[in-house]
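Chemist: Please read through the structure below; I'll follow up with questions.
2 protein chains.
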Amino acid sequence: MKYQFANRMSNVKASAIREILKATADPQMISFAGGNPSAEAFPVKEIEKISADILSHEPISVLQYGITEGDQEFIQAATKFLNRHEQILTDKDQMLVTSGSQQIMEFAAKTLCNEGDVVVCENPSFLGALNAFKSLGAVLRGVEYKDGQLDLDALEKALQMEPKPKFIYLIPNFQNPTGMTMSLEVRKQILALAKKYEVLILEDNPYGDLRFEGEAIPSIKSLDQDGLVIYAASLSKIIAPGMRVACAVAPREIIQKFVVAKQASDVHSNLWAQKVMARYLCNYDMDAHIESIRKIYKNKCYLMLEEMKKHFHPSVQYTKPTGGMFIWVTLPEHVDMLTFVKKALEKNVAVVPGNAFLDDDTKECHSFRMNYSTPTDDKIREGVKILGQLTYEMCEVSS
Amino acid sequence: MKYQFANRMSNVKASAIREILKATADPQMISFAGGNPSAEAFPVKEIEKISADILSHEPISVLQYGITEGDQEFIQAATKFLNRHEQILTDKDQMLVTSGSQQIMEFAAKTLCNEGDVVVCENPSFLGALNAFKSLGAVLRGVEYKDGQLDLDALEKALQMEPKPKFIYLIPNFQNPTGMTMSLEVRKQILALAKKYEVLILEDNPYGDLRFEGEAIPSIKSLDQDGLVIYAASLSKIIAPGMRVACAVAPREIIQKFVVAKQASDVHSNLWAQKVMARYLCNYDMDAHIESIRKIYKNKCYLMLEEMKKHFHPSVQYTKPTGGMFIWVTLPEHVDMLTFVKKALEKNVAVVPGNAFLDDDTKECHSFRMNYSTPTDDKIREGVKILGQLTYEMCEVSS
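As you go down the protein sequences, you meet chains F and R in turn. Heads up: the first sequence begins at 1 in the numbering used here, then just goes up one per residue. Heads up: the second sequence begins at 1 in the numbering used here, then just goes up one per residue.
This is the structure in structure tokens:
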């Protein structure tokens, strides 16, 4: 039998990250390629205790079918949590519990985009989201950065072009892959552009709570008065990703469509995970827990940056994140980035080639992504030193 | 802001079942409308014990990100379980763990169907699957039953029509909604037709283990030598649905596409559920557990049939399932089914109107679906009596 597959799937390649992560299964490999939260940060004992309590006293509540919208107890706890510092969920909004925030990306494209419709994204942006959009036939229109912020003129041009985009996908805090954060002024201007051109915003905020420097900047959702923003919140980076719990917050009419999509997709999300997270959010001090994660990430990030400063060739540039999990490294133009990444892999250090994060991965790209949340401190020291030697080899030789 | 949604979603209506299930939230209501397994059948104590063990000894294995294909321990356990009586997974096949078998329906349509492509289905068939296909732009082509089996001439005609269908969706065992089972001969002939016309089969088998009468009939997957069958196995009906664990088994090339779809959809399924189910499958006597569920369902089914025989007007026809969870009831042609269902709701008994399960729900339909796995014995007696009175009222009055 010769199989024929849908056209939409041919747009989605087995991801570069995936292939590299396979190589990182080798225990010899020092991986800066992943995006895993640090396992030290998981509230293991608390989850164990809550889970035992639920399974002993109300097992049927997590074993029987649930409703698509999500467990009521979780929705209440998550609403309170999301609204604790700013208003994410207003009385015009509704929440849908999803199986990780990846599913929110899929539902956005599934419910809003016909085949060939355009999604505007930052260039570079999160590969998983871009693949979700492409897997539903959406076409990406990337907007570049200029002087460390999204180029608003380029964004306005992208919004004026035909066909008119369906939504703008943004990660305003500690972006994946760049680690960069949008200023309040840029957020306000993007929202104003979205209103002017009547284009929705999908605001993805998995890392917002992982700030270890400076003051929190209001989310675009909290600034929106016109029902323009779909907000994706995730508990993967602040509780545990293997549980697969996230939530979408958006105007009721949009969430109702998402609910129909979720019914057709997986009926509802795992109930044990929802219940355990609900109790954790309610019964423990989340802000103290988040503070402890921030400390871990701050130390790891500063260590990596310090080692990079020590070992990297001065012609190599990189972002200095104030939160999140990633650093974006840019080689001088005369150095071939893919060759660099390949040579690093041969020396047992894995990073992700930057072109994987572009709207079109065949574009020229001199950057790669490094992650500091997963490796141990020793591995950070060891791996950065090896990469540093390679920057000297390649930047000197090629110049 | 005026929202515009994708065309594909306008094909998927908020389901009739969903609306009826809302009515059943009323504790006064006797619901034969659901499709929940009996909570008595959940192995609660065993899940509690296994979960405690995992969370105390290897919590990180269920809290950190996992791989898209599924937890290796679960895949091994599920392979052994599925292959215990017949060969489902051959050496040409691969398994993908999914978040319930609903997700397998979605991935089949997503990876195999372009917009407008045709899926052949039984008429009636499982609403959730039909919605998944439609939500990805597929068009349904229903094949009717004749003398208690799928009409093979009609199936062959459906396979000959243009455009050529992408796959045939079948529930051979204790079908939802009819409760009917395909004979071995019909299975063989369908497989031969699939081979002749080079059309894949999506074999959905959530109820196969719930047989309480007669001998098991080989799955179509086990008869296939040509890589024609995608097999959907679910643990929702034999362990617990709230955990959302199922698995797709198909030729490697197809599963590889499913993996890409799953990566874009939800990255991977909840790991706690996979690990708990793996241990349950390995460490407990599944066949004994299944035998205990069969007893519960046998008693409930026979009770419902007995009460129906006692109370229903003789002009009402219904299937006599040998397993599964559903009975399909057909009113005489002169009785309006939707009026019947509405009047039943007014008398606090909920059943699902049969047109909801058709390829086109505006077609004339005189049938409705009754579920016996969820209600208590008392509710079965009480509810069937009320429905019985209504059959007398409506069948007599109208004749």
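Think of the CB as a built atom: it goes at the ideal place given N, C-alpha and C, for glycine as much as any other residue. Because the structure is a prediction, the values reported are computed rather than measured.
#1: Skipping 5 residues on each side, what residues in its chain have a beta carbon closer than 7 Å to that of residue 62 of chain F?
#2: With distances taken Cα to Cα, identify the nearest neighbour of residue 300 of chain R among R:41, R:24, R:343.
#3: Closer than 9 Å between beta carbons: that is the criterion. Which residues of the stretch 256 to 281 of chain F meet it against chain R?
#4: Using 8 Å as the threshold, is the stretch 368 to 386 of chain F in touch with the stretch 30 to 46 of chain F, meaning 3 or more CB pairs across them?
#5: Using a Cβ-Cβ distance under 8 Å, would residue 161 of chain F count as near chain B?
#6: Opposite residue 205 of chain R in the DSSP bridges: which residues?
#7: Unbroken beta strand (DSSP E) runs of length 3 or more, entirely within the stretch 235 to 260 of chain F: which are they?
#8: Comparing alpha-carbon positions, which option in F:251, F:296, F:309, F:239 lies nearest residue 285 of chain F?
#9: If I measure Cβ to Cβ from residue 116 of chain R and keep anything under 7 Å in the same chain, skipping five residues before and after, which residues do I get?
#10: Could you tell me the alpha carbon to alpha carbon distance between residue 398 of chain R and residue 80 of chain F, rounded to whole angstroms?
#11: Is any beta-carbon of chain R found at less than 8 Å from that of residue 206 of chain F?
#12: Would residue 3 of chain F count as contacting chain R if we go by Cβ distances under 8 Å?
#13: Verify whether the separation of the beta carbon atoms of residue 367 of chain R and residue 337 of chain R is less than 8 Å.
#14: Looking at the unbroken beta strand (DSSP E) that takes in residue 119 of chain R, where does it start and where does it end?
#15: Closer than 8 Å, CB to CB, is residue 111 of chain F near chain R or not?
#16: Less than 8 Å between the CB atoms is what I'm expecting for residue 351 of chain R and residue 394 of chain R, so what's the real figure, rounded?
#17: Measuring only between beta-carbons, confirm whether residue 60 of chain R sits less than 8 Å from chain F.
#18: Leaving out five residues on either side along the sequence, give the residues of the same chain with a beta carbon under 6 Å from the beta carbon of residue 182 of chain R.
#19: Name the two residues that bound the continuous alpha helix (DSSP H) containing residue 303 of chain F.
#20: DSSP on residue 20 of chain F, reduced to helix/strand/coil?
#21: Check whether the stretch 116 to 128 of chain R and the stretch 230 to 238 of chain R are in contact - that is, three or more C-beta pairs closer than 8 Å.
#22: Tell me whether residue 376 of chain R sits in a helix, a strand or coil according to DSSP, three-state version.
#23: Decide if residue 88 of chain F is buried, meaning its Cβ has at least 16 other Cβ atoms within 10 Å, or exposed.
#24: Figure out for me which residue from R:294, R:303, R:244, R:349 has the closest Cα to the Cα of residue 97 of chain R.
#25: Of the residues R:107, R:153, R:148, which one's Cα is nearest the Cα of residue 134 of chain R?
#26: So with Cβ pairs under 8 Å, would you call residue 240 of chain R a contact of chain F?
#27: In terms of residue numbering, what span does the alpha helix (DSSP H) encompassing residue 81 of chain F cover?
#28: Quick one, which of R:322, R:339, R:120, R:247 has its alpha-carbon nearest residue 211 of chain R's?
#29: Examine the Cβ distances between the stretch 33 to 52 of chain R and the stretch 198 to 215 of chain F and report whether three or more of them are shorter than 8 Å.
#30: State the Cα-Cα distance for the pair residue 213 of chain F and residue 64 of chain R, rounded to the nearest angstrom.
#31: Output, in chain order, the set of chain R residues within a Cβ distance shorter than 8 Å of residue 39 of chain F.
#32: Residues in its own chain within less than 7 Å of residue 156 of chain R by CB, not counting five upstream and five downstream?
#33: Where does residue 93 of chain F sit, in a helix, a strand or coil, going by DSSP?
#34: Can you list, in chain order, the residues of the stretch 163 to 193 of chain F whose Cβ is nearer than 9 Å to any Cβ on chain R?
#35: Can you give the Cα-Cα distance for residue 159 of chain R and residue 188 of chain R, rounded to whole angstroms?
#36: Residue 176 of chain R: buried (16+ other C-beta within 10 angstroms of its C-beta) or exposed?
Modeler: The short version:
#1: So the list reads 54, 271, 272, 275, once near-sequence residues are dropped.
#2: Comparing Cα-Cα distances from residue 300 of chain R to each of R:41, R:24, R:343, the minimum goes to R:41.
#3: If the cut-off is 9 Å between Cβ atoms, the stretch 256 to 281 of chain F has 256, 257, 259, 260, 261, 263, 264, 265, 266, 267, 268, 269, 270, 271, 272, 273, 276 near chain R.
#4: For the pair of segments examined, the stretch 368 to 386 of chain F was found to touch the stretch 30 to 46 of chain F: the number of CB pairs separated by less than 8 Å reaches three.
#5: Reference to chain B is not applicable here, since the protein chains of this structure are F and R.
#6: Bridge partners of residue 205 of chain R: R:233.
#7: Uninterrupted beta strand (DSSP E) stretches at least 3 residues long and entirely within the stretch 235 to 260 of chain F occur at 246 to 251, given in chain order.
#8: Nearest neighbour of residue 285 of chain F by Cα position, chosen from F:251, F:296, F:309, F:239, turns out to be F:239.
#9: The beta carbon of residue 116 of chain R sits closer than 7 Å to those of 137, 139, all from its chain and outside the five residues before and after it, given in chain order.
#10: Residue placement at residue 398 of chain R is poorly supported in this model, since its pLDDT is 48, which falls under 50; the coordinates still yield a value, given next. Approximately 56 Å between the Cα atoms of the pair.
#11: Between residue 206 of chain F and chain R, the shortest Cβ-Cβ separation is not below 8 Å.
#12: It does: the Cβ of residue 3 of chain F has a partner Cβ on chain R nearer than 8 Å.
#13: Their beta carbons are under 8 Å apart, which means residue 367 of chain R touches residue 337 of chain R by this criterion.
#14: That run of the beta strand (DSSP E) goes 118 to 122.
#15: Answer yes: the Cβ-Cβ gap between residue 111 of chain F and chain R drops below 8 Å somewhere.
#16: Not a contact, Cβ separation roughly 13 Å.
#17: With 8 Å as the cut-off, residue 60 of chain R counts as an interface residue toward chain F.
#18: Excluding residues within five positions, the ones whose Cβ falls inside 6 Å are 172.
#19: Start and end: 286 to 311.
#20: When secondary structure is reduced to three states using DSSP, residue 20 of chain F falls in the helix class.
#21: Contact fails between the stretch 116 to 128 of chain R and the stretch 230 to 238 of chain R, because fewer than three Cβ pairs, one in each stretch, are under 8 Å apart.
#22: Reduced to three states, the DSSP call for residue 376 of chain R is coil.
#23: A buried status is given to residue 88 of chain F, since no fewer than 16 other beta-carbon atoms sit within 10 Å of its beta-carbon.
#24: Answer by Cα proximity: R:244.
#25: From the listed residues R:107, R:153, R:148, the smallest Cα separation to residue 134 of chain R is found for R:107.
#26: Yes, because at least one Cβ of chain F sits closer than 8 Å to the Cβ of residue 240 of chain R.
#27: Per DSSP, residue 81 of chain F belongs to the alpha helix (DSSP H) from 72 to 82.
#28: Distance from the Cα of residue 211 of chain R is smallest, within the candidate group R:322, R:339, R:120, R:247, for R:322.
#29: Too few Cβ pairs lie closer than 8 Å, so no.
#30: Straight-line Cα distance between these residues: approximately 26 Å.
#31: Residues of chain R passing the Cβ test: 60, 63, 64.
#32: Residues of the same chain with a CB within less than 7 Å of the CB of residue 156 of chain R, apart from the 5 flanking positions on each side, are 193 in chain order.
#33: Judged by DSSP in its simplified three-state form, residue 93 of chain F adopts strand.
#34: For the stretch 163 to 193 of chain F, which is checked against every Cβ of chain R, the residues closer than 9 Å are 166.
#35: Cα to Cα, residue 159 of chain R sits roughly 16 Å from residue 188 of chain R.
#36: Residue burial annotation: residue 176 of chain R is buried, with at least 16 other C-beta atoms found within 10 angstroms of its C-beta.
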